[in-house]
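In what follows, a single structure is set out as structure tokens and then discussed.
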DNA sequence: CTGCTAGCATA
DNA sequence: GTATGCTAGCAGA
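In the working numbering, the protein residues as written are 15 to 957.
Here is the structure:
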């Protein structure tokens, strides 16, 4: 027996905890959720192992999430139970266990035991009744019970001391949870189930009574018994069905009631004290490893080695300075998703060269090292390193303080020398590192002249690929995937204006915080990486994100040259014109007011001048937005002034004034930040400043783009995908007419107009083409007739007519949209051509508008998301070629379907030819991809 | 000083 | 009708 470093605590002061796993409920889910794994990969004749693997994953996660003193995994034993006696049809409709699952049962029991769990298999007693009885015994002895089950039927066992959790989806059912989910408290769950019935177990309820009616009846009558007694009062069809079921209901309830008084003593020793279920320290690592190897779980076998800390190493770390102990509070309430479960945290702080050398040797030898930086600033181009932390195995980490500076700060190793000695390891592409938000750390190291190589993983991107709709901060990840909570940054540095620089955070606090971050990063990676590895499509997307991350780092680092003198001139002009407009507006209003305040505009327009209210805002106030002012301007002079002023004010405030302020003092260029894990469709977003919304529609706005210039001897090149989303729609829908339009290189809006208006392509008027363009965009956005009508300013009926004509002409598109909505509803997500998953949590919401929104997103997301995938592929491909040929051209911006470059004059010809070719060639869809490029002295002229 | 709304810039 | 980010104003600390 080897003791591992990962055993849950058993000595905290709170109440003891009994953890019961409903093994049977997970069997089928593990079996179906996992890919078709075989002991010999790819050999269908070798034994199936998917359910075994799924079960291991589930138990490991559970062990991380829940601290327990007693554990058992309960399975259904074969054979008849009392329920079969009172109701022969019980579970009659269940199909027999699939053979591929049956063959795995013995191995599952074995591995559950090897993982240190007691396996309970009581003949003649169903797993649910075993669980109910044990939970009852525990409660009588003051022990809290946590039941892990995917089956909602166990909700009836919930009370103040018993909680049910679902490990596969992190759902928790405590008293409040059950009530929120089902609408009745746990004590009424049996009554509720008896009314609704249980199709899976073939137990009927009352006809026509579903969840809603059941809740209503129970709320009105208080309980099933009261309802039965007063059944005569119940009106309508429900009453009739209820009275017809009166004889059955008591028997149905008996069938569905989980028993708490089963005779178990003959089968489980040590009852009723639960002695036999006590957690034993350690697990038989050797036997477990042999098991993993026998079934081909190489990754798990390897993980065992990583987690396996030699006892002498643990001792050594105990002797060194210990900054964290991980003593979380014990299990005191049913809120168990936020507990630090890792014990024996060994966090070092490095103060001497001897300690430094020891850790350097350790990270040089390690296969994978989690790395985290602590810095002076959140602005990655400015940030300097204050400290670094490393973790090579869960629970073990070291902090290297380098630039803490406060009153009695301890002596620290000199920063530049320490970094110089780490540099060979950091820059070695063969030494694998991982981090959380690696792009930020790349910048930080680059600020000290270090180009980190060998970043193999980024937990933020792992999470983004696996669960795009959930938060991706480290604290969220640790909580969600490890059940670990940690030190809040604000806890050590304060917040808002009172926040202190990290350099002033005491070294011991900083060490604990930083070690925890790199420790958790490694631990999160161990939880997420197997999921990505197991899924080929997601793996592809993750690899793409990792490569994009490095390219984005370089795009950000390159920055964009801005002509600030030109913007200053524009600002001055805009300011002049705005002052004039303001005077004119005040004259027209007869009083001064703030033209930048929608509220004051509203008062002047609607209260003082009595203009008609066109529409109201969400909060019920008369709106003064562009559409409204546009309308009012037809009849009155003032709104036009306000409109022009507002346009200029936006331009000045957001662009001509702001951009020059964003120029980096050292590089003289503007460095935006691309957020890679924000947009749920897979797109990037740009901030500080946002370079993805520089004006282009109006002539005045376009002038801002003239200030985006190239260094002397260089030009700006802009390459963009033509009609990318419509091409993707053609690919996805396989609509004949749309495919033909793109294959024949037609103007797609003209082609659409020709179809919808029934005229020859060369007879299409410019207005018809404009209508067709709006329709095409509407389709990409999941259009409704109402929306189209509003946009075109036409009658709803006319808009409906256009849509109908469109779908008649493009039936493939119609079919694709219907199928997409349906599959989104059944799967809960949609995906891009490359397999990026886009989850839509509200796709089945009972709330109509929310559901509608999710349905439109379901239409839009595959197209927007595939476009995002394509341009990421392009960025990586183009950067690879630039590097391979040692070109001096720099990629400087990405604007969703456009890449912008700063090109030395002598590379312009090459760029013109190669970049569109590369962009068009990143994927072979059912229609050709087309990319176009322009070159000019500035961004405006490059179009 | 912080968080919200209204409004508006892009693909 | 999809997806973002930023500004000013303003209300409540």
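C-beta: ideal position from N, C-alpha, C; glycine also.
Owing to the predicted nature of the structure, the values given are computational and were not obtained by experimental measurement.
Leaving out the 5 sequence neighbours to the left and right, which residues in its chain are closer than 8 Å to residue 448 when beta-carbon positions are compared?
382, 383, 384, 385, 469, 470, 471, 472, 473, 535, 536, 539
State the Cα-Cα distance for the pair residue 446 and residue 427, rounded to the nearest angstrom.
25 Å
Taking contact to mean 3 or more Cβ pairs, one atom from each stretch, closer than 8 Å, check whether the segment 417-432 and the segment 575-584 are in contact.
no
If we call anything under 8 Å between Cβ atoms a contact, is residue 585 one with residue 670? Result yes, Cβ atoms of residue 585 and residue 670 sit closer than 8 Å.
* Count the other CB atoms within 10 Å of the CB of residue 504; is the residue buried (16 or more) or exposed (fewer)? -> exposed
Could you check whether the segment 592-611 touches the segment 642-661, counting it as contact only if at least three pairs of C-beta atoms, one from each stretch, sit closer than 8 Å? With the cut-off at 8 Å, the segment 592-611 and the segment 642-661 touch.
**Prompt:** Looking only at DSSP bridge pairs, what is residue 730 linked to?
**Reply:** According to DSSP, residue 730 bridges with 916, 950.
(Q) On the criterion of 16 or more Cβ atoms from any shown chain inside 10 Å, does residue 740 qualify as buried, or is it exposed? (A) buried
Review point. Does the Cβ of residue 514 have 16 or more other Cβ atoms within 10 Å, making it buried, or fewer, making it exposed?
Key: exposed
Next item on the list: Determine, using beta carbons only, whether residue 288 and residue 212 come nearer to each other than 8 Å.
Entry: no
Contact under 8 Å by Cβ, residue 411 with residue 361 | yes
inquiry  = If I measure Cβ to Cβ from residue 137 and keep anything under 7 Å in the same chain, skipping five residues before and after, which residues do I get?
reply    = Excluding residues within five positions, the ones whose Cβ falls inside 7 Å are 91, 93.
Point to revise | Chain-order list of residues whose beta-carbon lies under 6 Å from that of residue 771 (same chain, five-residue window excluded) | key: 782
Please report the distance separating the alpha-carbon of residue 902 from that of residue 889. 16 Å
In whole angstroms, give me the CA-to-CA distance for residue 542 and residue 67.
15 Å
* Asked: To which residues does DSSP link residue 576 through a beta bridge?
  -> 722
Check your understanding: Got a sec? Which residues, its chain only, sit under 7 Å from residue 144 by beta carbon, not counting five neighbours each side?
Key -> Excluding residues within five positions, the ones whose Cβ falls inside 7 Å are 88, 134, 136, 276, 278.
Once DSSP output is grouped into helix, strand and coil, what is the label at residue 173? It is a strand residue.
With a Cβ-Cβ cutoff of 8 Å, do residue 836 and residue 816 count as a contact?
no
For this session: Return the chain-ordered list of same chain residues with a C-beta closer than 8 Å to the C-beta of residue 919, the five sequence neighbours on each side being excluded.
Result: These residues qualify, in order along the chain: 727, 728, 729.
- Task: Please classify residue 492: is it buried, with 16 or more other beta-carbons within 10 angstroms of its beta-carbon, or exposed?
- Result: buried
To which residues of the same chain is residue 672 closer than 8 Å at the C-beta, ignoring the five residues directly before and after it? 703
Q. If you scan the segment 630-682 from start to end, which runs of the alpha helix (DSSP H) of 4 or more residues do you find wholly inside it?
A. 640-647, 652-664, 672-675
Does the pairing of the segment 109-128 with the segment 32-43 give three or more beta-carbon distances under 8 Å? yes
Fill in: Contacting residues, own chain, Cβ-Cβ under 8 Å from residue 565 (five flanking each side not counted)
889, 890, 893, 905
Can you check the segment 239-326 for any alpha helix (DSSP H) of at least 4 residues that lies completely inside it and give the ranges in chain order?
-> Entirely contained in the segment 239-326, the alpha helix (DSSP H) runs reaching 4 residues are, in chain order, 250-258, 262-270, 299-308, 312-321.
Exercise. Would you mind stating whether residue 732 and residue 912 have Cβ atoms separated by less than 8 Å?
Key: yes
Quiz item: Between residue 369 and the ligand FMN, is the CB less than 7 Å from at least one heavy atom?
Solution: What this structure holds is no ligand at all, so the ligand FMN is not there to describe.
Problem set entry | residue 224 - containing alpha helix (DSSP H), residue span | Where residue 224 is concerned, there is no enclosing alpha helix (DSSP H), given that its DSSP letter is neither H nor E.
- Message: Only counting the same chain, and skipping five residues up and downstream in sequence, which positions put a Cβ closer than 8 Å to that of residue 180?
- Response: Excluding sequence neighbours, residue 180 sits near 162, 163, 164, 186, 187.
CB-CB under 7 Å to residue 694, same chain, minus the five flanking residues each way: which ones, in chain order?
Only 482, 483, 852 meet the Cβ criterion.
Exercise. Between residue 353 and residue 499, what straight-line distance do the alpha-carbon atoms span, to the nearest angstrom?
Worked result: Caution is warranted here: a pLDDT of 29 is assigned to residue 353, below 50, making its placement in the model unreliable, and no coordinate value can be reported.
| If we call anything under 8 Å between Cβ atoms a contact, is residue 126 one with residue 171? | no
query: Do you know offhand how far residue 645's Cα is from residue 788's?
result: 21 Å
Measure the alpha-carbon distance for residue 95 versus residue 878 and round it to whole angstroms.
55 Å
**OP:** Measuring alpha carbon to alpha carbon, tell me which of 614, 629, 867, 663 ends up nearest residue 590.
**Re:** 663
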